[in-house]
Amino acid sequence: MKHFIFSLLLLGISLGAKQTKPNIILLMGDDHGWEEVGYNGHPYVKTPNLDKMAAA
89 MKHFIFSLLL LGISLGAKQT KPNIILLMGD DHGWEEVGYN GHPYVKTPNL
139 DKMAAA
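Written out as structure tokens, the structure reads:
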């Protein structure tokens with residue numbers, strides 16, 4: 089009985105906690121080097137959307 093009450097207590101605490109979504113973006117590309125984006129200083133490749141995400 090104690091385990092049941094403890095389980096209900098934990099359930100109530102977890103339901104009352106604020107649910108936040110993780111702030112993770114995973115970008116995958118084939119043969120994409122670290123320096124081949126604008127925010128890392130590539131002189132010719134323009135990546136404005138990736139630059140905005142990197143600055144945020």
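To convert, take the position in the sequence shown, counting from 1, and add 88; that gives this note's numbering.
Idealized CB from N, CA, C, for every residue including glycine.
- In the three-state DSSP reduction, Gly129 falls in the coil class, being neither helix nor strand.
- Remark: C-beta atoms of Gly126 and Lys134 approach each other more closely than 9 Å.
- For Asp139, the enclosing alpha helix (DSSP H) covers residues Pro136 to Ala143.
- Cβ contact annotation for Asn128 (same chain, cutoff 8 Å, sequence separation greater than five): Trp122, in chain order.
- Taking a contact as a CB-CB distance under 8 Å, the pair Met141 and Ile113 counts as one, their CB atoms being some 7 Å apart.
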